[in-house]
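**Student:**
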Amino acid sequence: MSQTISLEIGGRTMTIEIGKIGRQADGSALVRYGDTIMFCAATSKKEIKEPRNFLPLIVDYRENTYAAGKIPGGFFKREGKPSEREILVSRLIDRPIRPLFPSGYFYDTQIVALLLSADLENEPDTLGIIGASAALYFSDIPFTTPIGAVKVGLIDGQLIINPTASQLEQSLLNMTVAGTEEGIVMIEAGAIEVEEEKIVEAIELAQEPIREIIRQQKELYERLNIKKREFTPVEIREEKLSEMREKIGGELLEAMQGKTKKEREAQVEAILKRLLESVPPEKEEEIEEIKNYFYELQKRLVRELILNEGRRIDGRGFDDIRPISIEVGLLPRTHGSALFTRGETQCLATVTLGTFEDVQILDGIGEEAEKRFMLHYNFPPFSVGEVAFMRAPGRREIGHGALAERAILPAIPDEDTFPYTIRIVSDILESNGSSSMATVCGGILSLMDAGVPLTMMIAGIAIGLVKENDRYVLLTDIAGYEDHFGDMDFKVAGTEKGVTAIQMDLKIPSLPTQIIREALIKARQARALVLEKMREVLPAPRPELSPYAPRIITLFINPEKVSEVIGPAGKVIKKIIAATNTKIDIEETGKITIAAPNMEGAEKAKQMIREITVEAEVGKVYTGKIVRLEDYGAFVEILPNIVGLLHISEVAHHRIRNIRDVFKLGQTVTVKVISIDEDHKIRLSKKALETPPPPPAGTKPWARKDTQRRGFYQQPFKNLRKY
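In terms of our numbering, the sequence shown has 598 at position 545, counting the first letter as 1, and numbering is strictly consecutive.
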């Protein structure tokens, strides 16, 4: 029998329905907000086949195109492998759910989220988080901490809960917040230099609707009296861990401190190898368990060193940043390049500038869109000293790339200012933590090296946390061990003025807002130091583009002239492209973009288009060729395909009886445009460029004036009927 929860969030009704569809799953939920409907199903195995020390959780989010009344593109006309957006939403659902499973629950678990209906205004990602929580909470899976999630926007200085897609286009902030009753468990945000205090205010505002979503789930849960399955947790026996600590604890702590990553890992591996070699053959099944205890001992030693002795394993203070080295312009044939090294994390960032033909076409459930800025993050196995197949980018690479792209995006100039397609590639050459934030720094430097006129300079830093009960320590610029054995990875990117991106992941159930505020302050202080280092190497974007980058010119013409530039069957534009070796894009609005390998070709194409589209202006002087003679005057081509009438009365200050006595076909004549009527007919004058002769001696001024008036009006009115 189905049960429904209904509540108001952000001025709109949200419903959560369970027990209606997907009843063979361990738990399922249908979440509706407006006309956006998300279905989530949760299943979990009841047995563990091999020892492990982690939760094998899989989250798969899929957008069915039928949700928006569309048929998929491509030859097969059906959904294929997950898109980047689907992967990013899958990660977004995973991150707040993962730390809330009970300790020692290492059973294979899967959450499937299907978008069934999309109104393209109410975002589905937060519904996926809520639906996943409900599917788990109302199942027999031992998940007992429901969560809520909302978006927060910032428009005209006002914070808005769950802004629509239309509102988000105007918002300075797009932040997803997920939390429990006690605090915040996940944050994902993109922003345009939003101050830290405003970020904290947004987080605090999000907590009220989050708690309401949780309260409604709990009320229904109590009514249904759901029984959770029993399971055998994978536990650490303290007496066995104490034995291992006594045996190798001191040696292991010494091996982990104050060394390079390679030296540290080599010594730690040697200790583990010796430990495993001591296991007798008849107890080989204990090897995986020993590895788990060894990992737990490492974790406790690192945390105790930080909390009890106030030291980090590499000897830094809590607020210290690892040594930074920067080199720019190291790859001569790329359009821009930078090598950013922070400690033992190294990013090689390169920039390629493309034309309008290189934009990425995004064909999702919404309207087709173009993307002119892309960042691709690569994490090869050698960067961590491993051997593995080089395959297509995985979820982690896509997620890290999206975070860095979102962080840098506010600095990218608009298309009118810089009409290039921009691609950054970040190759992580070595990694010991915070490679995504190194990508932000390296990406900005490579853009500056390429001569992209950035609107701001951005850097990124990761803040870590070690927390035991009420004791906690925040760590600036966390390295790999601190990420693995700590409780938080809080990545923050931005300028000295504010934040452009945030990603907060926890390994503990939640955090209070006060700790988040402290982390944001530490991130701002560290960011300022990193930006200072970056400016020492490259204080501003280079004034010129790389000689190997294409040159792009944008011009605007009268929309009525577009057809003339294109020509019949594209004949004219094809001729220009062939003659100048350029690429030309023409919009109905009259905007024309010209791309060429060099500026000479672009300027030549521009001139050819100008010659086709140029229009006569009243008061301007032109030299043209006579193309036709009539009794009442001469037609002069003053510009390509633009002809005006030089009336016989405008040839000279004296009377002309026959126009052919003065002009002949093909003759060049200089004239002035004296008027253009509503039908675009152009009247020219030659005598307007000449000085009138003085009146004859003895002639009264009024008499000459009267004669001229009669001469002007008698003849032209008769002949203008032909024109």
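Glycine included, C-beta positions come from ideal geometry on N, C-alpha and C. The structure displayed is predicted, hence computed values, not measured ones.
Once DSSP output is grouped into helix, strand and coil, what is the label at Lys204?
**Tutor:** Residue numbering aside, residue 204 sits at position 151 when the sequence shown is read from its first letter. Residue state, collapsed to three classes: strand.
**Student:** Name the DSSP bridge partner or partners of Cys93?
**Tutor:** The residue you call residue 93 lines up with position 40 of the sequence shown. Looking at the DSSP assignment, Cys93 forms a beta bridge with Ala82 and Ala166.
**Student:** Using the C-alpha atoms, what's the distance from Thr285 back to Leu60?
**Tutor:** Position 7 of the sequence shown, counted from the first residue, corresponds to residue 60. Position 232 of the sequence shown, counted from the first residue, corresponds to residue 285. Each residue's Cα considered, the two are about 37 Å apart.
**Student:** Could you check whether Gly236 and Ser563 sit closer than 8 Å to each other, using their CB atoms as the reference points?
**Tutor:** Counting from 1 along the sequence shown, the entry for residue 563 is found at position 510. Counting from 1 along the sequence shown, the entry for residue 236 is found at position 183. Contact: yes.
**Student:** Between Pro594 and Gly504, how many whole angstroms is the CB-CB distance? I'm expecting something under 8 Å.
**Tutor:** Looking up residue 594 in the sequence shown gives position 541. Looking up residue 504 in the sequence shown gives position 451. Yes, they are in contact, since the Cβ atoms of Pro594 and Gly504 sit about 6 Å apart, within 8 Å.
**Student:** Starting from Phe347 and walking both ways along the beta strand (DSSP E), at which residues does that stretch end?
**Tutor:** Taking the sequence shown and counting its residues from 1, one reaches residue 347 at position 294. Looking at the DSSP string, Phe347 is not in any beta strand (DSSP E); the run it does join, the alpha helix (DSSP H), is Ile340 to Glu362.
**Student:** Check whether the segment 583-600 touches the segment 268-276, taking contact to mean three or more Cβ pairs, one atom from each stretch, closer than 8 Å.
**Tutor:** Segments in contact, no.
**Student:** May I have a chain-ordered list of the alpha helix (DSSP H) segments no shorter than 4 residues that lie completely inside the segment 542-590?
**Tutor:** Counting only runs of 4 or more, we get 566-590.
**Student:** Taking a contact to mean a Cβ-Cβ separation below 8 Å, would you say Val205 touches Met228 in this structure?
**Tutor:** Position 152 of the sequence shown, counting from 1, holds the residue named residue 205. Position 175 of the sequence shown, counting from 1, holds the residue named residue 228. Yes, these two residues count as a Cβ contact at 8 Å.
**Student:** Measure the C-alpha to C-alpha separation of Pro177 and Leu383 and round it to an integer number of angstroms.
**Tutor:** Here the question's residue 177 lines up with position 124 in the sequence shown. Here the question's residue 383 lines up with position 330 in the sequence shown. Roughly 43 Å between the two C-alpha positions.
**Student:** Rounded to whole angstroms, what's the CA-CA distance from Met54 to Ile267? Just pull it up for me.
**Tutor:** Position 1 of the sequence shown, counted from the start, is the residue given in the question as residue 54. Position 214 of the sequence shown, counted from the start, is the residue given in the question as residue 267. Roughly 22 Å separates the two Cα atoms.
**Student:** Could you tell me which residues DSSP pairs with Asp416 in its beta bridges?
**Tutor:** Here the question's residue 416 lines up with position 363 in the sequence shown. Note: Asp416 sits in no beta bridge, so no partner.
**Student:** Please confirm if the segment 487-495 is in contact with the segment 389-399, defined as three or more CB-CB distances below 8 Å between the two stretches.
**Tutor:** Yes, the segment 487-495 is in contact with the segment 389-399.
**Student:** I'd like to confirm something about Thr492: is its beta-carbon nearer than 7 Å to some heavy atom of the ligand MN, or not?
**Tutor:** Looking for the ligand MN in the displayed structure turns up nothing, as the structure carries no ligands at all.
**Student:** Going straight from the alpha carbon of Ile146 to that of Glu521, what length do you get?
**Tutor:** Numbered from its first residue, the sequence shown carries residue 146 at position 93. Numbered from its first residue, the sequence shown carries residue 521 at position 468. Roughly 26 Å between the two C-alpha positions.
**Student:** What three-state label does DSSP hand Ser156 in the structure shown?
**Tutor:** As a working note, residue 156 is residue 103 in the sequence shown. Three-state result, Ser156: coil.
**Student:** Mapping the DSSP letters down to three states, classify Arg736 as helix, strand or coil.
**Tutor:** By one-based count along the sequence shown, residue 736 stands at place 683. Reduced to three states, the DSSP call for Arg736 is strand.
**Student:** What does Phe609 pair with, by DSSP beta-bridge criteria?
**Tutor:** Taking the sequence shown and counting its residues from 1, one reaches residue 609 at position 556. Partner(s): Lys644.
**Student:** Tell me Asp816's beta-bridge partners as DSSP assigns them.
**Tutor:** The chain is shown from 54 up to 776; residue 816 falls before or after that span and cannot be answered.
**Student:** If we count Cβ pairs, one from each stretch, closer than 8 Å, do we get three or more for the segment 605-615 versus the segment 551-565?
**Tutor:** No, because fewer than three Cβ pairs between the segment 605-615 and the segment 551-565 fall closer than 8 Å, the two stretches do not touch.
**Student:** Exposed or buried, His706, counting other C-beta atoms within 10 Å across all chains shown (16 or more means buried)?
**Tutor:** Stepping through the sequence shown from its first residue, residue 706 is reached at position 653. Per the 10 Å Cβ criterion, exposed.
**Student:** When the Cα atoms are used, what is the spatial distance from Ile665 to Val618?
**Tutor:** In the sequence shown, the residue the question calls residue 665 occupies position 612. In the sequence shown, the residue the question calls residue 618 occupies position 565. Each residue's alpha carbon lies about 7 Å from the other.
**Student:** Using the Cβ count rule (16 or more neighbours within 10 Å means buried), how would you classify Glu70?
**Tutor:** The residue labelled residue 70 in the question sits at position 17 within the sequence shown. The residue in question, Glu70, is buried, as its Cβ has 16 or more Cβ neighbours within 10 Å.
**Student:** Pull up the distance between the alpha-carbon of Ile514 and that of Ile626, whole angstroms please.
**Tutor:** By 1-based counting over the sequence shown, the position of residue 514 is 461. By 1-based counting over the sequence shown, the position of residue 626 is 573. Between Ile514 and Ile626, the C-alpha separation is close to 49 Å.
**Student:** Are the beta-carbon atoms belonging to Ile343 and Leu328 less than 8 Å from one another?
**Tutor:** Residue numbering aside, residue 343 sits at position 290 when the sequence shown is read from its first letter. Residue numbering aside, residue 328 sits at position 275 when the sequence shown is read from its first letter. Going by C-beta atoms, Ile343 is nearer than 8 Å to Leu328.
**Student:** Per DSSP, what kind of secondary structure is Lys771 in: helix, strand or coil?
**Tutor:** On the sequence shown, position 718 is the one that residue 771 refers to. Residue confidence is low: Lys771 scores 41 on pLDDT, short of 50, so the model does not pin down where it sits. No coordinate-derived value is stated.
**Student:** Mind checking Lys771: buried by the 16 CB within 10 Å criterion, or exposed?
**Tutor:** Position 718 of the sequence shown, counted from the first residue, corresponds to residue 771. Bear in mind that the predicted position of Lys771 carries a pLDDT of just 41, short of 50, making it unreliable; the figure below should be weighed with that in mind. Exposed, since its Cβ has fewer than 16 Cβ neighbours within 10 Å.
**Student:** Secondary structure at Glu132, three-state DSSP: helix, strand or coil?
**Tutor:** Position 79 of the sequence shown holds residue 132. The answer is coil: DSSP assigns Glu132 none of H, G, I, E or B.
**Student:** Measure the CB-CB distance between Tyr114 and Gly181 and report whether it falls below 8 Å.
**Tutor:** Counting from one through the sequence shown, the residue named residue 114 turns up at place 61. Counting from one through the sequence shown, the residue named residue 181 turns up at place 128. Their beta carbons are under 8 Å apart, which means Tyr114 touches Gly181 by this criterion.
**Student:** Between Glu450, Thr68, Glu241 and Ala171, which has its C-alpha nearest Glu137's C-alpha?
**Tutor:** Looking up residue 137 in the sequence shown gives position 84. It is Glu450.
**Student:** Find the nearest neighbour of Pro596 within the set Cys93, Leu507 and Pro135, judged by alpha-carbon distance.
**Tutor:** Indexing the sequence shown from 1 puts residue 596 at position 543. Considering only alpha carbons, the answer is Leu507.
**Student:** Quick one: is Ser479 buried, meaning 16 or more other Cβ sit within 10 Å of its Cβ, or exposed?
**Tutor:** In the sequence shown, counting from the first residue as 1, residue 479 sits at position 426. Ser479 comes out buried.
**Student:** Please say whether Leu692 and Ala669 have beta carbons closer to each other than 8 Å?
**Tutor:** Sequence index remark: in the sequence shown, residue 669 carries index 616 (1-based). Sequence index remark: in the sequence shown, residue 692 carries index 639 (1-based). The answer is yes: Cβ separation under 8 Å.
**Student:** For the pair the segment 521-535 and the segment 571-580, tell me if three or more CB-CB distances fall below 8 Å.
**Tutor:** The segment 521-535 vs the segment 571-580: in contact.
**Student:** Could you pull out every residue in the same chain whose Cβ sits closer than 6 Å to the Cβ of Glu535, ignoring the five residues on either side in sequence?
**Tutor:** Within the sequence shown, residue 535 is the residue found at index 482, counting from 1. Excluding positions up to five away in sequence, the list reads Gly517 and Leu528.
**Student:** How big is the Cα-Cα spacing for Ile709 and Ile695?
**Tutor:** Residue numbering aside, residue 709 sits at position 656 when the sequence shown is read from its first letter. Residue numbering aside, residue 695 sits at position 642 when the sequence shown is read from its first letter. Their backbone Cα atoms lie some 25 Å apart in a straight line.
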